[in-house]
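S.K.: Would you mind keeping the following structure in view while I ask a few things?
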Amino acid sequence: MKRAFPILAVLILAFLGYTAYEALVVAPTEQTMGNVQRIFYYHVPSAWTAFLLFLINFVASIVYLIRRNPAADMIALVSAEVGVVFCTVVLVTGPLWARPVWGIWWTWDVRLTSTLVLWLIYLSYLMLRRFSTSGQTPVLAAALAIFGALDVPLVYFSIRIFRTQHPQPVIGGGGSIDPRMLHVLLINWAAFLGLATLFCWARYRLEYMRREIEETQALEALLEPRGSR
Amino acid sequence: MEWRSKDAINSMLFFALLVVVVFSFSFDPNAEESRQIAGGLVWVAFLFAAVVALNQTWARELRNQVLDAYRVSPAPANSLFMAKVLGNFIFVAVLEGLMTPLFIMFYQLRALGPAWQLIPVGALGTWALVVNGTFFAAMSLRTRSREIMLPLLLFPISIPALLAMVSGTTAILTGELSARFWIILLASYDVVFTIACLLLFESVLQAE
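The following block contains the structure:
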């Protein structure tokens, strides 16, 4: 296991380099938007990865509440953290693209607003984990994660009605994407998923070791003879 | 319970009043503009006042280990929760009842749409704030700096409910759009989160 990690890391980094080449050089230049459109190969895969990680967080939280399995809690924590990172990438690359193409940095559109709200919810989840002092943080966090996930469809519907004027569809409304672009998009997504796995794995191991150390220290404090202090 | 300490209600009333006055200075609205912005103003004032009240909900139980007594008592956790929610609901509703005439007075409000619809919007909106607020207050009880933790948890989750309250109120006041969708959205928000709170409260209460 320990040896697998650096090997996987090198493989994924190489793959990322290859997909960056594909996205920046090989993929055809978009007719109207020009090279700005290439940010799309980073924006969309990050979004998909973030949403997938939030889904994992939701499932892991439910599993934790039912089984009280510490591994499920660690998966929930890790997926929320890495998910927030990818979601931040989405929220940063979006305005960078929107400024030259739409002429504005931000618009209160359905997808933009939903993503922002999602980001806020999971940030508050991480804040709760950071600020909570009790040993029962996982239970509280899992409950909050379920609330957050329940909130997502409500957010989406409310904003959809609130802002009916939808700017041009982000992915050209579906069928109109060039197959070569789709190909580059998909391999980029694969690379991003690999990167996310790598992050999660590293973070999981770190969290696991942190808990082991905490446990050992607690045990040592118990075993220490009373007179020695 | 809450009436025993007059601090809470007095400070909340004063706070909401301040919001009304400060906003009217900063916007200086005429009747038409005030219809557009009043929905947002009213609910921002109520939201902040409600957070003040919700922070008190469980904090007073900590003082004499009452919460531990609840934990060991055979009474079901959910009835404790519902009692707290109902208490807060009445409390916030009274506050809203007192503040609404002031808003009408200061902003010369007159609903152009069906005014009776303000009652379901108000009731459902208050319930949405209070049910989640009570739950998150119990949750943030065990955290450092819990007064600031409650709004941090409550506001992101409440965004759809807030949007529905504000848009519903504005729709009724301006009379341009129908508020029915917003009332339905608020009702479904209330149902979903009341059930979620009842399902999860037991484990949150037991979390030491």
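Just so you know, the protein sequences line up as chains A and B, in that order. Just so you know, we're using our numbering here: the first sequence kicks off at 1 and counts up by one. Just so you know, we're using our numbering here: the second sequence kicks off at 1 and counts up by one. Every residue gets a Cβ at the ideal spot worked out from N, C-alpha and C, and that includes glycine.
Can you look up LEU205 (chain B) in the DSSP assignment and give me helix, strand or coil?
M.R.: LEU205 (chain B) falls in the helix class under three-state DSSP.
S.K.: Of all Cβ atoms in chain A, is any one closer than 8 Å to the Cβ of LEU98 (chain B)?
M.R.: Chain A contact via Cβ: absent.
S.K.: So GLY83 (chain A) is in the alpha helix (DSSP H); what residue range does that whole segment cover?
M.R.: Per DSSP, GLY83 (chain A) belongs to the alpha helix (DSSP H) from 70-102.
S.K.: Is THR29 (chain A) helix, strand or coil when you go by DSSP?
M.R.: In this structure, THR29 (chain A) counts as coil in the three-state DSSP scheme.
S.K.: Any heavy atom of the ligand SAH within a distance shorter than 7 Å of the CB on ALA27 (chain A)?
M.R.: As presented, the structure is devoid of all ligands, the ligand SAH included, so that no description of it is given.
S.K.: Can you list, in chain order, the residues of the region 141-168 of chain B whose Cβ is nearer than 7 Å to any Cβ on chain A?
M.R.: Here the close residues are ARG142, THR143, ARG144, SER145, MET149, LEU152, LEU153, PRO156, ILE157, ILE159, PRO160, LEU163, ALA164 and SER167.
S.K.: Where does SER230 (chain A) sit, in a helix, a strand or coil, going by DSSP?
M.R.: In the structure as shown, chain A starts at 1 and stops at 229, and residue 230 (chain A) therefore has no counterpart that could be examined.
S.K.: Quick check on the burial criterion: 16 or more other C-beta atoms within 10 angstroms. Buried or exposed for ASP190 (chain B)?
M.R.: Buried: at least 16 other Cβ atoms inside 10 Å.
S.K.: Does THR143 (chain B) come out as helix, strand or coil in the three-state DSSP assignment?
M.R.: THR143 (chain B): strand per DSSP, three-state reduction.
S.K.: How would you write the range of the alpha helix (DSSP H) that GLY87 (chain B) sits in, first residue to last?
M.R.: It spans 77-107 - the alpha helix (DSSP H) in which GLY87 (chain B) sits, taken as one unbroken run.
S.K.: Whose CA, out of A:ILE7, A:ILE121 and A:PRO153, lies closest to the CA of VAL192 (chain B)?
M.R.: The shortest Cα separation from VAL192 (chain B) among A:ILE7, A:ILE121 and A:PRO153 belongs to A:PRO153.
S.K.: With 8 Å as the limit, tell me which residues of the region 127-160 of chain A have their beta carbon closer than that to any beta carbon of chain B; keep them in chain order.
M.R.: Those residues of the region 127-160 of chain A that come within reach of chain B (Cβ to Cβ, closer than 8 Å) are MET127, LEU128, PHE131, SER132, THR133, SER134, GLY135, GLN136, VAL139, LEU140, ALA143, LEU144, ILE146, PHE147, GLY148, LEU150, ASP151, LEU154, VAL155, PHE157, SER158 and ILE159.
S.K.: For the candidate residues A:HIS183, A:LEU52, A:TYR64 and A:GLY17, whose alpha-carbon lies nearest to that of LEU118 (chain A)?
M.R.: When only C-alpha atoms are compared, the closest one is A:LEU52.
S.K.: The alpha helix (DSSP H) spanning SER61 (chain A) covers which residue range?
M.R.: Unbroken alpha helix (DSSP H) run through SER61 (chain A): 40-67.
S.K.: Could you work out which residues of chain A lie near MET139 (chain B), taking near to mean beta carbons separated by less than 8 Å?
M.R.: Simply LEU128, LEU140, ALA143 and LEU144.
S.K.: Please tell me whether VAL184 (chain A) and ALA27 (chain A) are closer than 8 Å, where the distance is taken between their beta carbons.
M.R.: Yes, the Cβ-Cβ distance between VAL184 (chain A) and ALA27 (chain A) is below 8 Å.
S.K.: Pair every Cβ in the region 9-20 of chain B with every Cβ in the region 43-58 of chain B, then say whether three or more of these pairs are closer than 8 Å.
M.R.: As far as the Cβ criterion goes, the region 9-20 of chain B touches the region 43-58 of chain B, which means the pair count is three or higher.
S.K.: On the three-state DSSP scale, how would you describe GLU215 (chain A)?
M.R.: Reduced to three states, the DSSP call for GLU215 (chain A) is helix.
S.K.: Could one say the Cβ of LEU11 (chain A) lies closer than 8 Å to chain B's Cβ atoms, at least one of them?
M.R.: Cβ-Cβ to chain B under 8 Å: no for LEU11 (chain A).
S.K.: Would you identify the three-state DSSP class for LEU270 (chain A), choosing helix, strand or coil?
M.R.: Here chain A covers residues 1 to 229 and nothing more, so residue 270 (chain A) does not appear.
S.K.: Do PHE157 (chain A) and LEU185 (chain B) count as a contact pair if the criterion is CB distance below 8 Å?
M.R.: Closer than 8 Å, so yes.
S.K.: For the region 114-130 of chain B, which residues have a beta carbon sitting closer than 7 Å to at least one beta carbon of chain A?
M.R.: Listed by position along the chain: nothing, the set is empty.
S.K.: Strictly below 9 Å CB to CB, what residues from chain A border ALA196 (chain B)?
M.R.: Residues of chain A passing the Cβ test: ALA143, ILE146, PHE147 and LEU150.
S.K.: Is the CB-CB distance between THR95 (chain B) and VAL20 (chain B) below 8 Å?
M.R.: What sits at residue 95 (chain B) in the sequence shown is Leu, not Thr. It is not a contact, given that the beta carbons lie outside the stated cut-off.
S.K.: Taking Cβ positions only, does VAL92 (chain B) come closer than 8 Å to chain A?
M.R.: No, VAL92 (chain B) lies away from the interface with chain A (no Cβ there is under 8 Å from its Cβ).
S.K.: List the residues of chain A whose Cβ lies closer than 9 Å to the Cβ of LEU185 (chain B), in chain order.
M.R.: Near LEU185 (chain B) (Cβ distances below 9 Å), the residues of chain A are LEU154, PHE157, SER158 and ILE161.
S.K.: Taking the beta carbon of TYR122 (chain A) as the centre, do at least 16 other beta carbons fall within 10 Å, making it buried, or is it exposed?
M.R.: Per the 10 Å Cβ criterion, buried.
S.K.: Please state whether the Cβ-Cβ distance between ARG203 (chain A) and GLU81 (chain A) is less than 8 Å.
M.R.: In this structure, GLU81 (chain A) lies closer than 8 Å to ARG203 (chain A) by Cβ.
S.K.: Looking at the unbroken alpha helix (DSSP H) that takes in ALA9 (chain A), where does it start and where does it end?
M.R.: Start and end: 4-21.
S.K.: Report yes if the CB atom of THR57 (chain B) is closer than 8 Å to the CB atom of ASN88 (chain B), and no otherwise.
M.R.: Yes, Cβ-Cβ distance for THR57 (chain B) and ASN88 (chain B) is below 8 Å.
S.K.: Using a beta-carbon distance below 8 Å, is SER61 (chain A) in contact with chain B?
M.R.: By this cut-off, SER61 (chain A) is not an interface position.
S.K.: Count the other C-beta atoms from every protein chain shown that fall within 10 angstroms of the C-beta of GLY125 (chain B), then say buried if there are 16 or more, exposed otherwise.
M.R.: With 16 or more other Cβ atoms within 10 Å, it is buried.
S.K.: Express the C-alpha separation of ILE39 (chain A) and THR170 (chain B) in angstroms, rounding to a whole number.
M.R.: One C-alpha to the other measures close to 39 Å.
S.K.: Output the distance between the C-alpha atoms of THR107 (chain A) and LEU96 (chain A), rounded to the nearest integer angstrom.
M.R.: Each residue's alpha carbon lies about 13 Å from the other.
S.K.: Examine chain A for any beta-carbon lying closer than 8 Å to the beta-carbon of SER203 (chain B), and answer yes or no.
M.R.: Closer than 8 Å to some Cβ of chain A, the Cβ of SER203 (chain B) qualifies, so yes.
S.K.: When the Cα of TYR107 (chain B) is compared with those of B:PHE23, B:GLU202, B:VAL204 and B:LEU200, which residue comes out closest?
M.R.: Taking only the C-alpha atoms, the option nearest TYR107 (chain B) is B:PHE23.
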